[in-house]
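A short write-up of the structure that comes next.
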Amino acid sequence: MAFETKLRRSLLVVGLLTLAFNLGELVLGAVSPLAALVTIMECLMGIGLIYGPQFLKRFFKIAFPPSIVYFYWFFLLISVFIGTCLHMMDIVPFWDKILHMTSPMILTAVGYGILCTLLGSLDNEVSEISPWVFLLFGFSFAGVCGVFWEFWEWSWDAVGNMNLQRYMTIDGVEFVGRAALSDTMGDLLINTIGAVIMGVFSWNQHRKNEKYFEGYQIQIIK
Numbered sequence: 001m002a003f004e005t006k007l008r009r010s011l012l013v014v015g016l017l018t019l020a021f022n023l024g025e026l027v028l029g030a031v032s033p034l035a036a037l038v039t040i041m042e043c044l045m046g047i048g049l050i051y052g053p054q055f056l057k058r059f060f061k062i063a064f065p066p067s068i069v070y071f072y073w074f075f076l077l078i079s080v081f082i083g084t085c086l087h088m089m090d091i092v093p094f095w096d097k098i099l100h101m102t103s104p105m106i107l108t109a110v111g112y113g114i115l116c117t118l119l120g121s122l123d124n125e126v127s128e129i130s131p132w133v134f135l136l137f138g139f140s141f142a143g144v145c146g147v148f149w150e151f152w153e154w155s156w157d158a159v160g161n162m163n164l165q166r167y168m169t170i171d172g173v174e175f176v177g178r179a180a181l182s183d184t185m186g187d188l189l190i191n192t193i194g195a196v197i198m199g200v201f202s203w204n205q206h207r208k209n210e211k212y213f214e215g216y217q218i219q220i221i222k
């Protein structure tokens with residue numbers, strides 16, 4: 001059995017165990033029924049997202065390299081199953097910042113993959129392209145995605161008053177001035193730091209192997 005299949009099945013087991021935990025919370029009344037149902041729905045969505053790479057490969061003919069797929073599954077583990085469903089977001093106050101640090105690393109890698117694919121379609125030798133092209137594109141891609149995520153949070157706060165951008169206290173008292181911006185700006189700062197860390201790591205790896213960025217190439221199956 002391929003390592004990727006073993007890893008996917010292991011993550012599925014974690015997801016199902018987490019789902020059982022959330023169902024137990026609902027039955028035992030450990031949390032409110034509404035909160036339990038929302039968490040169960042998020043857990044089910046997380047289980048479905050495990051198969052995201054396979055879905056894209058089968059129906060859209062887009063195949064991501066193992067390096068990106070493994071990193072994506074790791075993020076699912078710490079964000080959905082551990083962070084949300086096992087309530088680590090509530091237990092550890094800075095867990096959200098850990099996620100904001102990790103996600104841009106994945107997005108930077110996806111940026112490398114997109115650029116590799118575009119360059120490959122032009123019959124270019126990826127290893128002959130300056131590494132700075134990849135570093136700048138990956139950093140910019142992660143930064144733009146981080147901005148759009150804040151747009152997403154702002155939209156849901158406007159529609160559902162969900163306080164995703166932490167602009168008010170748990171008692172509903174709204175912050176004023178710079179305090180109201182602190183969470184959003186902090187997220188963007190952490191997002192930038194994560195992209196920079198990934199860039200520095202990639203630069204060092206490229207120095208050891210000039211074909212390093214080719215490992216992120218996204219395949220378009222014909």
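The letter at position 96 of the sequence shown is residue 96 when you use the UniProt record's numbering, and the numbering goes up by one with no holes.
C-beta: ideal position from N, C-alpha, C; glycine also.
Between which residues of its own chain and residue i is the CB-CB distance below 8 Å, once the five residues before and five after are set aside?
| i | result |
| --- | --- |
| Lys-61 | Ile-220, Ile-221 and Lys-222 |
| Leu-188 | Gly-146, Val-147 and Glu-150 |
| Glu-174 | Tyr-167, Met-168 and Ala-180 |
| Leu-49 | Leu-76 and Val-80 |
Taking a contact to mean a Cβ-Cβ separation below 9 Å, would you say residue i touches residue j in this structure?
| i | j | result |
| --- | --- | --- |
| Tyr-167 | Phe-134 | no |
| Ala-195 | Thr-108 | yes |
Check each candidate in the options and name the one with the smallest Cα separation from residue i.
| i | options | result |
| --- | --- | --- |
| Tyr-70 | Val-110, Val-159, Asn-204 and Glu-174 | Val-110 |
| Ile-218 | Thr-192, Gly-120 and Gly-83 | Gly-120 |
| Ser-130 | Arg-207, Gly-160 and His-87 | Arg-207 |
| Thr-39 | Val-144, Gly-15 and Phe-59 | Gly-15 |
| Trp-132 | Phe-213, Asp-171 and Ser-79 | Phe-213 |
| Met-105 | Phe-59, Met-41, Arg-58 and Phe-201 | Phe-201 |
| Asn-209 | Glu-128, Thr-102 and Ser-10 | Glu-128 |
| Pro-53 | Pro-93, Ile-193, Ala-63 and Val-31 | Ala-63 |
| Leu-136 | Thr-192, Thr-5 and Arg-178 | Thr-192 |
| Val-126 | Val-176, Gly-215 and Trp-156 | Gly-215 |
| Pro-182 | Ser-103, Gln-165, Asp-171 and Met-198 | Per the sequence shown, residue 182 should be read as Ser rather than Pro. Among Ser-103, Gln-165, Asp-171 and Met-198, the Cα nearest to that of Ser-182 is on Gln-165. |
Enumerate in chain order the residues of its own chain whose CB-to-CB distance from residue i is below 6 Å, with the five nearest sequence positions on each side excluded.
| i | result |
| --- | --- |
| Cys-43 | Thr-18, Leu-19, Asn-22 and Cys-85 |
Please work out which residues of its chain come closer than 7 Å, Cβ to Cβ, to residue i, disregarding the five sequence neighbours upstream and downstream, and give them in chain order.
| i | result |
| --- | --- |
| Ala-36 | Asn-22, Glu-25 and Leu-26 |
| Trp-154 | Gln-165 |
message: For the structure I just gave you, are there three or more beta carbon pairs, one from the stretch 181 to 196 and one from the stretch 93 to 104, closer than 8 Å?
response: yes
- request: Jot down the residue ranges of each uninterrupted beta strand (DSSP E) in the stretch 60 to 132, minimum 3 residues, whole runs only, in chain order.
  value: none
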